[in-house]
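Below is one structure, written out as structure tokens; comments come after it.
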Amino acid sequence: MTADEKPIEDARRAWEENILKPALGRAPERPAPFATSWGSPVERVYTPADLAGFDYLKDLGFPGEYPFARGVQPTMYRGRLWTMRQYAGFGSAAETNRRYRYLLAQGQTGLSVAFDLPTQMGYDADSDVARSEVGKVGVAISSIEDMADLFEQIPLDRVSTSMTINSTAAILLCLYVAVAERQGIASDRLAGTVQNDILKEYIARGTYIYPPGPSMRLIIDLFAFCRERVPRWNTISISGYHMREAGCTAVQEVAFTLANAIAYVEAALQAGLAVDEFAPQLSFFFNAHNNLIEEVAKFRAARRLWARIMRDRFGARDPRSWMLRFHAQTAGSALTAQQPGNNVVRVAVQALAAVLGGCQSLHTNSMDEALALPSEAAVTIALRTQQILACESGVADLADPLGGAYAVERLTRQIEDEADAYIAKIDGLGGSVQAIGYMRREIQETAYRYQQEVESKSRIVVGVNEFVTEEPPHGGLFQVDPAVGEALCARLEALRRRRDQDLAWRALDRIETAARERESLLPPILDAVRASVTLGEICDRLRGVFGVHESSVAF
1479 MTADEKPIED ARRAWEENIL KPALGRAPER PAPFATSWGS PVERVYTPAD
1529 LAGFDYLKDL GFPGEYPFAR GVQPTMYRGR LWTMRQYAGF GSAAETNRRY
1579 RYLLAQGQTG LSVAFDLPTQ MGYDADSDVA RSEVGKVGVA ISSIEDMADL
1629 FEQIPLDRVS TSMTINSTAA ILLCLYVAVA ERQGIASDRL AGTVQNDILK
1679 EYIARGTYIY PPGPSMRLII DLFAFCRERV PRWNTISISG YHMREAGCTA
1729 VQEVAFTLAN AIAYVEAALQ AGLAVDEFAP QLSFFFNAHN NLIEEVAKFR
1779 AARRLWARIM RDRFGARDPR SWMLRFHAQT AGSALTAQQP GNNVVRVAVQ
1829 ALAAVLGGCQ SLHTNSMDEA LALPSEAAVT IALRTQQILA CESGVADLAD
1879 PLGGAYAVER LTRQIEDEAD AYIAKIDGLG GSVQAIGYMR REIQETAYRY
1929 QQEVESKSRI VVGVNEFVTE EPPHGGLFQV DPAVGEALCA RLEALRRRRD
1979 QDLAWRALDR IETAARERES LLPPILDAVR ASVTLGEICD RLRGVFGVHE
2029 SSVAF
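In our numbering, the protein residues as written are 1479 to 2033.
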């Protein structure tokens, strides 16, 4: 203990003896875990002594400068608010387009596309294995006609678009570029993001097609293509969100996300790309969960850790390469089917954590999403939540308003240190691709412990295991038209009759040749979608070359 810290420690002990102990005698503390999501105890109070060795200029700094703990922009939201990007997609492209135009009219500032499972898994809407899922959990996109309908009357040079797509990311990006061409918009004017993060699919989600090797190749091909053709595009959104949804802790979310990011950077370097040529186009996607202070610390720790990794481990020299820019989405796993009105409050708290943590864009979940796809009324409330935070709460008036708070800084350091230890463990296993099974097991064990806490009521979930009420059956939920699949099948049949078949088959042959000869796949895919080749046809050719990944195969 230093001389400066001794008066603080003496004051803390006096407080415990004279104030705390008498108070506990009158009213003992309520029974609760009083622990972080990863199990570390949460102290009653934090003081400067908890920041021993903390150098405010070195460890905290200012917004917009290394190590970016306080945010990636010097003015943060006083210069520009975060992008309000509501995730949406269902049924046909035309139906989803109407929802997009409604949201834009309500003040949304960016688009975020939810694709159905067949699109995510590389099947056309008329595939026998896909018909029962067409349009159910997202929009069905099989061809350039579908993509054109999705963005009808939406100028792609004036709206940024995020696409939550992984195995088929290269195809969807090419479709987007081709539709922009139809609008007379050059690819270098397009702004947006493809998720393109296949490693977290193997770890926590499951919408993979090919084995890890070919999947990583597709990702790096997309990096190189965007560097040359779509320079304003974020080539990947490295995602902790889905791992948190599967049950991991805040520390694991940071650690596993950044470990995966390290794997992508290493793969790009091995392919001959220079780090400062592709790193500024990397972006991240995190979960905004319930514990407000812990989540703010998580975002700040992730930024600081990534800046150090990029500068010191990979030798990046461009400050843009050090910046961790991230989209946040409120926690779908925290929504409850019981008392769905409570979800409005949960989402507001989670969104506040994302904003206080310095997100660049944000999706707020709708209160009815534990029951069905969101209704128009529910999605409007979700968007209004962001707008109230931006315009009425005052939190957007300050850069890093919680910076310097003892508890926040202590948790930020703790998350950074513990995530760093996880990354070292994953490095020791050979990196993320070799450590997929390890990360999966860690998440499963954490999810099991959380469920035990809920069932034992040591963790309270309002309306689920405490404060429970009898509720009438839910009515008026949004439903997708069950006839959408048949209509899309007929549309695809007509497309295949109209197109130049020789041109389409030659385009598919070029894709297969590129796949076998290890040429970049993006240029032939772009030519194919221009020729009205479908997503499923492209994926079938690639399956023939790459094979498919079986989850039972050991890594």
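Heads up, the beta-carbon is just placed ideally off N, CA and C, and yes, glycines get one too.
Mind reading off the beta-carbon distance from residue i to residue j? Whole number of angstroms is fine, and I expect it under 8 Å.
{"i": "residue 1725", "j": "residue 1925", "result": "2 Å"}
{"i": "residue 1668", "j": "residue 1635", "result": "7 Å"}
{"i": "residue 1843", "j": "residue 1808", "result": "5 Å"}
{"i": "residue 1851", "j": "residue 1568", "result": "5 Å"}
{"i": "residue 1774", "j": "residue 1886", "result": "6 Å"}
{"i": "residue 1733", "j": "residue 1696", "result": "Actually they are not in contact, since the Cβ atoms of residue 1733 and residue 1696 sit about 25 Å apart, beyond 8 Å."}
{"i": "residue 1715", "j": "residue 1756", "result": "That pair is no contact at about 14 Å."}
{"i": "residue 1810", "j": "residue 1723", "result": "6 Å"}
Just the Cα atoms here: how many angstroms apart are residue i and residue j?
{"i": "residue 1532", "j": "residue 1891", "result": "9 Å"}
{"i": "residue 1571", "j": "residue 1529", "result": "53 Å"}
{"i": "residue 2020", "j": "residue 1702", "result": "19 Å"}
{"i": "residue 1682", "j": "residue 1721", "result": "5 Å"}
{"i": "residue 1564", "j": "residue 1512", "result": "33 Å"}
{"i": "residue 1621", "j": "residue 2012", "result": "5 Å"}
{"i": "residue 1493", "j": "residue 1882", "result": "22 Å"}
{"i": "residue 1580", "j": "residue 1629", "result": "13 Å"}
{"i": "residue 1541", "j": "residue 1556", "result": "12 Å"}
{"i": "residue 1641", "j": "residue 1670", "result": "8 Å"}
{"i": "residue 1502", "j": "residue 1495", "result": "11 Å"}
{"i": "residue 1574", "j": "residue 1854", "result": "12 Å"}
{"i": "residue 1786", "j": "residue 1802", "result": "11 Å"}
{"i": "residue 1957", "j": "residue 1991", "result": "43 Å"}
{"i": "residue 1688", "j": "residue 1994", "result": "14 Å"}
{"i": "residue 1784", "j": "residue 1736", "result": "7 Å"}
{"i": "residue 1577", "j": "residue 1961", "result": "19 Å"}
{"i": "residue 1863", "j": "residue 1546", "result": "27 Å"}
{"i": "residue 2083", "j": "residue 2002", "result": "Residue 2083 lies beyond the stretch modelled for the chain, which goes from 1479 to 2033, so this question has no answer here."}
{"i": "residue 1561", "j": "residue 1914", "result": "32 Å"}
{"i": "residue 1922", "j": "residue 1489", "result": "43 Å"}
Can you tell me which of the three DSSP states residue i falls into?
{"i": "residue 2031", "result": "For residue 2031, the pLDDT reaches just 44, beneath the cut-off of 50, and the residue's location in the model is therefore unreliable, although a value from the coordinates is still provided. If DSSP states are grouped into helix, strand and coil, residue 2031 belongs with coil."}
{"i": "residue 1711", "result": "strand"}
{"i": "residue 1799", "result": "helix"}
{"i": "residue 1692", "result": "helix"}
{"i": "residue 1628", "result": "helix"}
{"i": "residue 1840", "result": "strand"}
{"i": "residue 2008", "result": "helix"}
{"i": "residue 1480", "result": "coil"}
{"i": "residue 1984", "result": "helix"}
{"i": "residue 1944", "result": "strand"}
{"i": "residue 1524", "result": "coil"}
{"i": "residue 1554", "result": "helix"}
{"i": "residue 1845", "result": "coil"}
{"i": "residue 1513", "result": "strand"}
{"i": "residue 1890", "result": "helix"}
{"i": "residue 1816", "result": "coil"}
Identify the continuous beta strand (DSSP E) that holds residue i and give its terminal residues.
{"i": "residue 1575", "result": "Premise fails: residue 1575 lies in the alpha helix (DSSP H), 1571–1583, not in any beta strand (DSSP E)."}
{"i": "residue 1934", "result": "Note, residue 1934: premise wrong, no beta strand (DSSP E); alpha helix (DSSP H) at 1914–1934."}
{"i": "residue 1808", "result": "1804–1808"}
{"i": "residue 1670", "result": "1670–1672"}
Is there at least one non-hydrogen atom of the ligand HEM closer than 7 Å to the beta-carbon of residue i?
{"i": "residue 1544", "result": "With respect to the ligand HEM, the structure offers nothing, as it holds no ligand at all."}
May I ask which residues mark the beginning and end of the alpha helix (DSSP H) holding residue i?
{"i": "residue 1862", "result": "1854–1869"}
{"i": "residue 1661", "result": "Taken as a continuous stretch (DSSP letters only), residue 1661 belongs to no alpha helix (DSSP H), as it is neither H nor E."}
{"i": "residue 1828", "result": "1820–1834"}
{"i": "residue 1504", "result": "1499–1504"}
Contained alpha helix (DSSP H) runs [length at least 4] in the region 1585–1623, N- to C-terminal order | 1595–1599
Where are the alpha helix (DSSP H) runs, 4 residues long or more, that stay fully inside the region 1712–1775, in chain order?
-> Complete alpha helix (DSSP H) runs here, min 4: 1719–1723, 1728–1748 and 1753–1756.
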